[in-house]
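Just below is one structure, and these are the notes that go with it.
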Amino acid sequence: MKPRWLLFILVIYFQQGFTQTQLESQLAFAESLFAEEKYFDAITEAKRLAFFDSANQYSFKSNKLIGESYRQGGKLSEAVHYFTKAEIISKTKVEFFSTKIEIIKVNILRRAFSLVNHQLDEMEKDEKYKTDSSTLQYWRGWNFLFHDDWERAAEVFGKIDSAATLKNICEEVQKKKYSVNFAKGISVVLPGAGQFYTGNYVSGILSLGWNVLFGYLTVQAFSAERVFDGMAVGTILWLRFYNGNLSNAEKFAVEKNELIKNETLDFLQKNYQGLKP
Amino acid sequence: MRTFYFLILLSLFPILLLSQESELFTPEKRKAFADYLFCEKDYLRASEEYEAINSAAKNDSLSYYIGLCFLKMNDYERAKDHFFLLRNSFLGEESRLLFLKTSFMLNKNIDVKTDSVSIQFVNKDLETSFRRLELAAQIKAGMSQTNLFSLSNDFEESDTQILKSFAENFSHPQRKSPLAAALFSAIIPGAGKIYTKNYGDGITSFIVTGLFAFLAYDNFQANHNTRGWIFAGLTAFFYSGNVYGSYISARNYNLEREEKLKNEFDSYLNSKNYFVPKEIEGSYK
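Okay, here's the thing in structure tokens:
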């Protein structure tokens, strides 16, 4: 080959290299925006990178970064969309596995309990992921945790050595939670007792008071042979307050459990140092 | 030899350019990226990209696309302002039509600025769309159908029938009188609610008021005066509440009918894209 053509090829090669450097700095720029928690701008720049990366050299990284930014911004459907794109583009087993896990994590946040279980089941069946079973178990535990099934979450975390803290937290929550059936059951026997059990004392006293009053009026009307009077007070007033007492006991227990769950999730989000969705 | 050096120089030229400005942020590249975002329906980012190029060098075409982005994001106020500013540009006819559409969607009185945009069109299709939308606004404003259909023959036969029915409903809405509802309930408890097609409430009101009235009577008869007065009070309470409730029920009925009619009309117009050709909204991109 003549030297002048060699020089020409070198120039073209240099130009190609320059374009690649441009894309690399664009990726670094997008990543720095992500690190600064400027997720909207990070998505814009990662999308710009993906658009101009005609050779698809950075398409896995850009799509993954877009997915991560959308997740941080709370746009979970968009996050899944871009993680799926990254999964399709992925070239290695590590890349493929990591995006699969990212999709599972977003689905846990979306509270898509059955879907996550199905995705984890499929991966566990796959021979390729035999060595990753503890990772899959770990995210299954988080799925139970987000599904408010603390007992099964504790059971799953118990099988993983590194998840002892999570296991303890789940067990504590399980102990703290109120039994909805018990709250309703004791309110059947003694109106207001369910409210007392969940710590709503004023409501419990009021419930007991109304039921005693209208129960007394009903019994008095029947004993004075004013049957219609007794039926009217009994059905319109006593039964209404008795039913109200039962639904209140249930509502308070559910509310308390929701509060415990949200407090724990908030604690985990702010304080738990390990991997989380 | 000369050709060779020319090729070398040509190859170096982009590198020299790139050393001054990042390749990905040149106006041409930004425009291409913005168009891509627009096609991807990422209108917020597309509008920002268009804005960035437009702020460096004003361009009516870019302003038009910024307006379209706002329109697609349902930010009608900003879209309307953009289209109004472009009313005399080379995209003036499209902008005037989209201005009318956004004004319509904002439920504003479209007569306010219509005069300044309702001038002669060169593109007859756009003019027809403009007239159709103007007519739709008049229907919504309650103009009677006799007046309406002497104004324009711009609609197709199937649409004409639908619009006639809407025009009739808007100009002569089927209303219920709140006073009549209250009066009916004063005579027979619950009758006013039944008149406003609130059957469940009407029957319940009749039973509850009747039951308390009976209990009051029963207790007075049995010389249980205290309980009699309690039930009499409850009867009066439910009776007056029912009369007032019937009045409100008729007003709610009228409001619901009006809202339902407007929603149905908006859905119809939406299905027709407000008579605006999709091409001018960037759908061809």
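Line by line, the protein sequences give chains A and B. Last residue of the first sequence: 1488 (this note's numbering), numbering continuous. Last residue of the second sequence: 308 (this note's numbering), numbering continuous. All C-beta atoms in this analysis are idealised placements derived from N, C-alpha and C, irrespective of residue type, glycine included.
Identification of chain A residues near B:A245 by a Cβ-Cβ cut-off of 8 Å yields R1437, ordered along the chain.
Counting along the chain, the unbroken alpha helix (DSSP H) around A:E1382 starts and ends at A1375 to K1387. The way I'd put it, the segment 82 to 101 of chain B doesn't touch the segment 1293 to 1303 of chain A; fewer than three beta-carbon pairs between them come closer than 8 Å. Segment contact: the segment 1428 to 1442 of chain A against the segment 1370 to 1382 of chain A, fewer than three CB-CB distances shorter than 8 Å; contact not assigned. If the five residues before and after B:L206 are omitted, its C-beta is found closer than 8 Å to the C-beta atoms of G215, all from its own chain and listed in chain order. Cβ-Cβ distances below 7 Å link A:V1317 to R1282, L1287, A1290, V1291 and F1294 in the same chain, with the five nearest sequence neighbours on each side left out; the list follows chain order.
A check of alpha carbon separations from A:G1415 across A:F1425, A:V1444, A:K1388 and A:F1463 identifies A:F1463 as the nearest. A residue is called buried once 16 or more other Cβ atoms fall within 10 Å of its Cβ, and A:P1488 is buried on that count. Here the alpha carbons of A:Y1408 and B:N265 stand approximately 40 Å from one another. Within a 10 Å sphere around the beta-carbon of A:A1432 sit 16 or more other beta-carbons, which makes this residue buried. When 7 Å is used as the limit between beta carbons, B:L85 is near no residue of chain A, the shortest such separation being about 17 Å. Taking CB atoms only, A:Q1268 has no neighbour in chain B less than 9 Å away.
The three-state reading of DSSP puts A:V1391 in helix, counting H, G and I together. For the options B:K199, B:A159 and B:A75, the alpha carbon positioned closest to that of B:T183 is the one of B:A159.
With contacts defined by Cβ atoms closer than 9 Å, B:L121 and B:A102 form a contacting pair.
Secondary structure note for B:N82: it is in no alpha helix (DSSP H), with a DSSP letter that is neither H nor E. A:G1403 carries a coil assignment under DSSP once its states are collapsed to helix, strand and coil. Closest in alpha carbon position to A:E1335, among A:Q1406, A:T1429, A:L1347 and A:L1260, is A:L1347. Its Cα nearest to that of A:G1369, the residue A:G1352 stands out among A:E1306, A:G1426, A:D1337 and A:G1352. When only Cα atoms are considered, A:V1399 and A:E1366 end up about 33 Å apart.
Excluding the 5 residues flanking it on each side, A:K1258 has same chain C-beta neighbours closer than 8 Å at S1273 and I1277, in chain order.
Taken atom to atom, the span from the alpha-carbon of B:K52 to that of A:S1344 is near 46 Å. At a cut-off of 9 Å, the C-beta of A:A1443 has a neighbouring C-beta in chain B.
In the pairwise beta carbon analysis, the segment 109 to 121 of chain B is classified as touching the segment 144 to 155 of chain B: at least three pairs are separated by under 8 Å. Distance from the CA atom of A:A1241 to the CA atom of A:I1254, rounded to whole angstroms, is 7 Å. For B:Q244, the enclosing alpha helix (DSSP H) starts and ends at Y222 to Q244. Residue contact check for A:F1433 against chain B: no CB pair falls below 9 Å. By the C-beta density criterion, B:C62 is exposed, having fewer than 16 other C-beta atoms within 10 angstroms.
For B:I303, there is no enclosing alpha helix (DSSP H), as DSSP marks it with neither H nor E. Only exposed fits B:W252, as fewer than 16 other CB atoms lie within 10 angstroms of its CB. For A:K1258, the nearest beta carbon of chain B is closer than 9 Å to its own beta carbon. The beta carbons of B:A79 and B:P50 sit about 7 Å from each other, so the pair counts as a contact at 8 Å. Using a Cβ-Cβ distance cut-off of 8 Å, the segment 1459 to 1479 of chain A and the segment 1390 to 1406 of chain A are in contact, since at least three pairs of beta carbons, one from each stretch, lie closer than that value. When C-alpha distances from A:S1301 are compared across A:G1284, A:N1267 and A:I1319, the shortest belongs to A:N1267.
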